[in-house]
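In our numbering, the protein residues as written are 23 to 298.
Even for Gly, the Cβ is constructed at its ideal location relative to N, Cα and C.
Below is one structure; the comments refer to it alone.
The following block contains the structure:
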């Protein structure tokens with residue numbers, strides 16, 4: 023399928039590992055010039071090597087702290103000058119701490135907004151002038167299933183990702199007539215490095231990381247975690263010419279977990295009249 027990304031310039035903020043890197047590789051394989059940014063020099067170098075291995079166009083990897091609004095804007099402007107525009111922007115940030123609503127104080131909520139919401143807003147606003155100048159743009163914000171489904175222990179994720187959705191939807195209305203679409207990806211459990219590290223901690227002495235990862239994904243309709251490349255495939259479509267009428271959407275990529283519902287062991291194997 024021709025996606026129309028050849029020669030476009032795609033920026034991936036937070037593109038050095040996991041979902042962000044998978045999306046960057048997908049864009050590069052489709053012929054886009056790709057620029058990624060991140061904070062870890064080793065990850066940046068590794069990401070640049072991976073991208074170079076699949077790219078038909080140019081690639082760059084730059085150290086940027088996205089919580090620094092001015093630095094994020096300078097990165098966008100520099101990429102646009104060097105590579106010839108900024109047509110696609112995908113923002114894939116970190117996740118706030120795990121915990122319930124009453125378990126956090128005001129400072130924790132403020133820190134989560136500073137970490138998740140405001141960097142995405144800042145880098146998006148920096149890219150808009152370049153997209154408007156081109157008369158074409160695709161803005162993709164990677165959120166989480168918590169943008170769609172409340173999950174008690176992930177309240178900071180839910181608060182910030184829901185806010186990200188409202189920002190994206192409002193922005194989509196503002197820029198639609200400029201040829202720019204804005205969409206949110208809401209992945210469920212994905213086998214990323216942070217997920218693997220969490221599984222290793224949970225495995226403890228027995229060391230069975232794969233069993234822990236399997237347990238993390240068992241409640242989806244497909245019975246497993248997503249692969250980053252599966253999220254990236256959706257991102258590539260939304261970034262494409264073919265998705266020109268898709269905007270202001272929140273695209274849940276959870277393997278059917280929301281349809282399956284929560285894990286309720288007290289209902290497993292009971293008679294149908296138990297709760298009648």
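Q) Going by the CB atoms, is the gap between residue 164 and residue 111 shorter than 8 Å? A) no
**Q.** Assigned secondary structure, residue 170 (DSSP; H/G/I helix, E/B strand, else coil)
**A.** coil
**Q.** Endpoints, the alpha helix (DSSP H) within which residue 145 is located
**A.** 140-156
Q | Through-space distance from residue 105 to residue 133, alpha-carbon basis | A | 34 Å
Q: Output the boundary residues of the alpha helix (DSSP H) element that contains residue 105.
A: 91-105
Q: Could you tell me the distance, in whole angstroms, from the CA atom of residue 97 to the CA atom of residue 219?
A: 30 Å
Q: Rank 72, 35, 82, 62 by C-alpha distance to the C-alpha of residue 138 and give the top, closest one.
A: 35
Q) Out of 231, 180, 187, which has the shortest C-alpha to C-alpha gap to residue 161? A) 187
Q. Can you tell me the Cα-Cα spacing of residue 232 and residue 239, whole angstroms?
A. 11 Å
Q: Taking residue 215 and residue 40 to be in contact with their CB atoms under 8 Å, please state how far apart those CB atoms are, rounded to whole angstroms.
A: At roughly 6 Å, the Cβ-Cβ gap stays under 8 Å, so residue 215 and residue 40 are in contact.
Q. Under a three-way DSSP split, which group does residue 179 fall into?
A. helix
Q) Does the region 68-80 touch the region 143-153, meaning 3 or more C-beta pairs lie closer than 8 Å? A) no
(Q) Within a Cβ cutoff of 6 Å, which residues of the same chain sit near residue 114, ignoring the five residues on either side of it in sequence? (A) Non-local beta-carbon contacts of residue 114 in its own chain, meaning distances under 6 Å to residues more than five positions away in sequence, involve 36, 41, 42, 164 in chain order.
Q.
If I follow the unbroken alpha helix (DSSP H) through residue 124, where does it start and stop?
A. Here residue 124 belongs to no alpha helix (DSSP H), and DSSP marks it neither H nor E.
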